[in-house]
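One structure is given below, encoded as structure tokens.
In the numbering used here, the protein residues as written are -15 to 178.
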């Protein structure tokens, strides 16, 4: 009886290292498999980011621009129907809209115009030197202040535009990263399931 117990204990004792080895091999294979899947998904998401980010962003801008144009057309058709029913209120809304949009249009046109004007820096410097040599200080000061105002407005306009574009791009990149992270988490959860 005791020999059987010793033999059973010895066989169990010799099986334990084999079981540990098998577990270690199994878990090593699983971890390697998970790592390779994770690196593959990162590689695929980085390739998607590098190759298709600009294309997807362009498509998204096209879709949003199309939606905006459709919305503007719907608003215009609603306004036309409203203006036919109530002409005086429609006229008031049209005048109010023109006065509301006029400063924005003026600022955009003004900023674009001053951008083209200030790109000719050599002409500006030549004008300043010419006015300096003629000793017309008042006129020179006026022109300088106007040019400085134009340049300041232009710089702030382009900074605001760049900040807006950067915000849109970084928001798109964050959404893309969140999507790929949720995809990676989903793949990891599926890979862990036996």
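Glycine included, each C-beta is placed from N, C-alpha and C at the ideal position.
*Quick one: measure Cβ to Cβ for residue 44 and residue 156, integer angstroms, because I've assumed they're closer than 8 Å.*
Along the chain shown, one-based indexing puts residue 44 at 60. Along the chain shown, one-based indexing puts residue 156 at 172. Confirmed, Cβ separation roughly 7 Å.
*What residue from 132, 95, 158 and 153 has the CA that sits closest to residue 142's CA?*
For this step, residue 142 is matched to residue 158 along the chain shown. For residue 142, the nearest C-alpha among the options comes from 95.
_Supposed contact pair residue 74 and residue 63 - C-beta distance, whole angstroms, cut 8 Å_ = What you label residue 63 is simply residue 79 of the chain shown in a count that begins at 1. What you label residue 74 is simply residue 90 of the chain shown in a count that begins at 1. Contact flag correct, Cβ pair sits at about 7 Å.
_Spatial neighbours of residue 161 within its chain, please: C-beta separation below 7 Å, excluding the five flanking residues on both sides._
Mapped onto the chain shown, residue 161 falls at position 177. Excluding positions up to five away in sequence, the list is empty.
*Could you have a look at residue 70 and say whether DSSP puts it in helix, strand or coil?*
The sequence position of residue 70 within the chain shown is 86, counting from 1. If DSSP states are grouped into helix, strand and coil, residue 70 belongs with coil.
*asked:* Please report the straight-line C-alpha distance between residue 55 and residue 129, rounded to a whole angstrom.
replied: Working through the chain shown from its first residue, we reach residue 55 at position 71. Working through the chain shown from its first residue, we reach residue 129 at position 145. The alpha-carbon atoms of residue 55 and residue 129 are separated by roughly 42 Å.
*Can you give the Cα-Cα distance for residue 135 and residue 68, rounded to whole angstroms?*
Counted from its first residue, the chain shown places residue 135 at position 151. Counted from its first residue, the chain shown places residue 68 at position 84. Each residue's alpha carbon lies about 45 Å from the other.
*By how many angstroms is the C-alpha of residue 61 removed from the C-alpha of residue 53?*
For the purposes of this step, residue 53 is taken as the residue at position 69 of the chain shown. For the purposes of this step, residue 61 is taken as the residue at position 77 of the chain shown. Going by the C-alpha atoms only, they are around 12 Å apart.
*Assign residue 27 to buried or exposed, taking buried as 16 or more other Cβ atoms, counted over all protein chains shown, within 10 Å of its Cβ.*
As a working note, residue 27 is residue 43 in the chain shown. Here the model assigns residue 27 a pLDDT of 46, short of 50, so the residue's position is not dependable and the matter cannot be decided.
*Can you give me the Cβ contacts of residue 82 inside the same chain, cut-off strictly under 6 Å, excluding the 5 residues immediately before and after it?*
Counting from 1 along the chain shown, the entry for residue 82 is found at position 98. Answer for residue 82: no residue qualifies.
*asked:* Taking the straight line between their C-alpha atoms, what separation do you get for residue 48 and residue 72?
replied: As a working note, residue 48 is residue 64 in the chain shown. As a working note, residue 72 is residue 88 in the chain shown. Computed Cα separation, rounded: 34 Å.
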